[in-house]
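Asker: Just so you know, the numbering used here puts the end of the sequence shown at 220, numbered straight through with nothing missing. Pasting a structure below so you can have a look.
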Amino acid sequence: MSIIKGQLISSQRYLNMSIVNKRATRFKRFIVNVHPVVLRGVQYTILMDGHHNYAAAKLAGVDPDYRPVTKKVMKIIGGMSEREQEALFINNVTDSDYYYVETGEVVEELRLPDTSCKFQAHAGNQWIFGGAA
88 MSIIKGQLIS SQRYLNMSIV NKRATRFKRF IVNVHPVVLR GVQYTILMDG HHNYAAAKLA
148 GVDPDYRPVT KKVMKIIGGM SEREQEALFI NNVTDSDYYY VETGEVVEEL RLPDTSCKFQ
208 AHAGNQWIFG GAA
């Protein structure tokens, strides 16, 4: 059974091509951490970590080794309701709007923030707040 459910999306576009090229020639396995989630009623899988490995795998002509996110991440989001998780993922992007990894096209349905859900989660020594007051 595939860990990828729905289309693969990301909000990180930055790639250091020097890193990608080195990994493509040196690595045999390209581990990529992903997390399946429903956002605004649509099933996606978010590429959470391993963007350089993903690009290196594509460059090397092999499939990435998809893995679930770490136990630490699951502990943080596991303490939130599905609605809180949805708001967290919609509102917390890296360096771009969410886009389809295969095409680069922006996921228009996820461009606007989600202000309808108030939540807070504790991650390490920091509180993560979200939503309207």
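Just so it is clear, CB atoms sit at the ideal spot from N, CA and C, and this is done for glycine as well. Just so it is clear, the structure is predicted and the values come from calculations on it, not from any experiment.
May I have a chain-ordered list of the alpha helix (DSSP H) segments no shorter than 4 residues that lie completely inside the stretch 156 to 210?
Answerer: The stretch 156 to 210 contains these whole alpha helix (DSSP H) runs: 158 to 165 and 169 to 178.
Asker: Buried or exposed: where does Glu169 fall if 16 or more other Cβ atoms within 10 Å of its Cβ makes it buried?
Answerer: Exposed is the call here.
Asker: Between Lys92, Ile164 and Leu199, which has its C-alpha nearest Val300's C-alpha?
Answerer: No answer is possible for residue 300: it lies beyond the span of the chain, which begins at 88 and ends at 220.
Asker: Find out if the Cβ-Cβ distance for the pair Asp182, Arg100 is shorter than 7 Å.
Answerer: Yes, the Cβ-Cβ distance between Asp182 and Arg100 is below 7 Å.
Asker: Which residues in the same chain as Gln172 place their Cβ atom closer than 8 Å to its Cβ, once the five residues preceding and following it in sequence are excluded?
Answerer: Excluding positions up to five away in sequence, the list reads Val124 and Ile164.
Asker: Run the CB neighbour count on Pro151, radius 10 Å, all protein chains shown included, and call it buried at 16 or more, exposed below.
Answerer: The residue is buried, with at least 16 neighbouring Cβ atoms inside 10 Å.
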